[in-house]
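Okay, structure first, notes after.
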Amino acid sequence: DAGVTQSPTHLIKTRGQHVTLRCSPISGHKSVSWYQQVLGQGPQFIFQYYEKEERGRGNFPDRFSARQFPNYSSELNVNALLLGDSALYLCASSLAQGAGANYGYTFGSGTRLTVV
Amino acid sequence: SQKIEQNSEALNIQEGKTATLTCNYTNYSPAYLQWYRQDPGRGPVFLLLIRENEKEKRKERLKVTFDTTLKQSLFHITASQPADSATYLCALINTNAGKSTFGDGTTLTVKP
Numbered sequence: 030d031a032g033v034t035q036s037p038t039h040l041i042k043t044r045g046q047h048v049t050l051r052c053s054p055i056s057g058h059k060s061v062s063w064y065q066q067v068l069g070q071g072p073q074f075i076f077q078y079y080e081k082e083e084r085g086r087g088n089f090p091d092r093f094s095a096r097q098f099p100n101y102s103s104e105l106n107v108n109a110l111l112l113g114d115s116a117l118y119l120c121a122s123s124l125a126q127g128a129g130a131n132y133g134y135t136f137g138s139g140t141r142l143t144v145v
Numbered sequence: 057s058q059k060i061e062q063n064s065e066a067l068n069i070q071e072g073k074t075a076t077l078t079c080n081y082t083n084y085s086p087a088y089l090q091w092y093r094q095d096p097g098r099g100p101v102f103l104l105l106i107r108e109n110e111k112e113k114r115k116e117r118l119k120v121t122f123d124t125t126l127k128q129s130l131f132h133i134t135a136s137q138p139a140d141s142a143t144y145l146c147a148l149i150n151t152n153a154g155k156s157t158f159g160d161g162t163t164l165t166v167k168p
């Protein structure tokens with residue numbers, strides 16, 4: 030069974046552009062969470078989606094948005110990119126909103142975004 | 057908001073010894089505490105979780121304790137091996153708000 034898959038694996042964008050990152054959860058997992066991880070720091074929570082609805086949001090500006098599709102895959106969009114948005118973006122899935130708390134989250138390998 | 061602090065300094069130990077990592081938190085709200093392992097260039101991998109009403113949890117060579125009075129969790133790896141070398145992350149999960157807070161991790165190096 031495939032794990033959490035993220036695409037692309039690496040991306041280089043110019044300041045001011047927008048970017049779309051994609052995530053496919055483990056089959057049967059209905060909850061997807063997004064995180065930003067800067068080198069040397071822990072993952073910072075951005076969003077959690079469950080059943081196509083936003084269930085949690087971290088302290089990120091409105092330039093960050095996301096959505097979840099009927100097949101439970103998800104996209105993270107970032108507009109007006111800044112140099113400081115350069116980071117590893119991680120997606121994590123779980124069976125349900127609370128399941129991640131009970132059984133842990135399964136993370137993908139992430140998308141490395143570089144803004145120049 | 058919740059804040060988590062982990063040992064900022066890297067931990068270097070000899071193979072066979074017990075590694076002990078510390079996670080301190082503030083502004084506790086109903087949550088679970090989880091530990092993850094992260095290798096360079098990879099996503100975190102879930103190891104163990106402990107609930108607020110549990111004092112201790114074990115899984116093979118791993119042990120986690122949770123002291124809600126001290127607001128601290130300790131993570132132990134017994135009989136450590138070089139393959140245990142990685143960064144270990146502590147996370148508080150707030151199921152009510154759908155949020156999670158991760159620490160910055162402690163890098164463990166086990167020398168043969």
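First to last, the sequence lines map onto chains Z and H.
If you count by the numbering used here, then the first sequence holds residues 30 to 145, one letter each, in order.
If you count by the numbering used here, then the second sequence holds residues 57 to 168, one letter each, in order.
Don't be surprised by glycine CBs; every beta carbon is placed ideally from N, CA and C.
Counting only Cβ-Cβ distances shorter than 8 Å, please list the residues of the stretch 41 to 67 of chain Z near chain H, keeping chain order.
Those would be Ser62 and Tyr64, in chain order.
Anything in the stretch 147 to 168 of chain H with a Cβ closer than 9 Å to a Cβ of chain Z? List those residues in chain order, please.
Answer set for the stretch 147 to 168 of chain H: Ala147, Ile149, Asn150, Thr151, Ala153, Gly154, Lys155, Ser156, Thr157, Phe158, Gly159, Asp160 and Gly161.
Going along chain H in order, which residues have a C-beta closer than 9 Å to the C-beta of Z/Leu124?
Identification of chain H residues near Z/Leu124 by a Cβ-Cβ cut-off of 9 Å yields none; the smallest Cβ-Cβ distance measures about 13 Å.
Quick one, which residues of the stretch 119 to 143 of chain Z are near chain H if we go by CB-CB under 9 Å, in chain order?
Within the stretch 119 to 143 of chain Z, Leu119, Cys120, Ala121, Gln126, Gly127, Gly129, Ala130, Asn131, Tyr132, Gly133, Tyr134, Thr135, Phe136, Gly137, Ser138, Gly139 and Arg141 place their CB atoms closer than 9 Å to a CB of chain H, listed in sequence order.
Minimum C-alpha distance to Z/Leu119 - residue among Z/Arg141, Z/Ala128 and Z/Tyr101:
Nearest of Z/Arg141, Z/Ala128 and Z/Tyr101 to Z/Leu119, Cα basis: Z/Arg141.
Neighbourhood of Z/Leu50 by C-beta, 6 Å cutoff - its chain only, sequence neighbours within 5 removed:
In its chain, beyond the 5 residues on either side, Leu105, Tyr118 and Thr140 have a beta carbon closer than 6 Å to the beta carbon of Z/Leu50.
In three-state DSSP terms, what is Z/Ala130?
In this structure, Z/Ala130 counts as helix in the three-state DSSP scheme.
On a Cα-Cα basis, can you pick out the residue from H/Leu126, H/Glu110 and H/Leu130 that is closest to H/Lys119?
It is H/Leu130.
The stretch 70 to 81 of chain Z: which residues have C-beta closer than 8 Å to a C-beta of chain H, in chain order?
Going along the stretch 70 to 81 of chain Z in chain order, one finds Gln70, Gly71, Pro72, Gln73, Phe74, Gln77 and Tyr79 with a Cβ nearer than 8 Å to chain H.
Does the contact criterion of 3 or more C-beta pairs under 8 Å hold for the stretch 134 to 146 of chain H versus the stretch 86 to 97 of chain H?
Short answer: they touch.
Once you ignore the five residues that flank Z/Lys198 on each side, which residues in its own chain have a CB closer than 7 Å to its CB?
Lying outside 30 to 145, the shown extent of chain Z, residue 198 of chain Z is not represented and no answer is given.
How long is the line joining the alpha carbons of Z/Leu112 and Z/Gln46, rounded to whole angstroms?
Taking the straight line joining both Cα atoms gives about 11 Å.
Taking only the alpha-carbon atoms, compute the straight-line gap between H/Thr76 and Z/Tyr132 and give it to the nearest angstrom.
Annotation: H/Thr76 to Z/Tyr132 spans about 23 Å, alpha carbon to alpha carbon.
Is H/Ile149 buried or exposed, if buried means 16 or more other CB atoms sit within 10 Å of its CB?
Buried is the label assigned to H/Ile149, since at least 16 other Cβ atoms lie within 10 Å of its Cβ.
Could you give the residue range of the beta strand (DSSP E) that holds H/Tyr88?
First-last of the beta strand (DSSP E) with H/Tyr88: Tyr88 to Gln94.
H/Leu145 touches chain Z at which residues, Cβ-Cβ below 7 Å?
What H/Leu145 touches in chain Z, judged by beta-carbon distance under 7 Å, is Gly71, going in chain order.
For a contact defined as C-beta to C-beta under 9 Å, what are the partners of H/Pro96 on chain Z?
For H/Pro96, no chain Z residue has a C-beta closer than 9 Å to its own C-beta; the minimum C-beta separation is roughly 10 Å.
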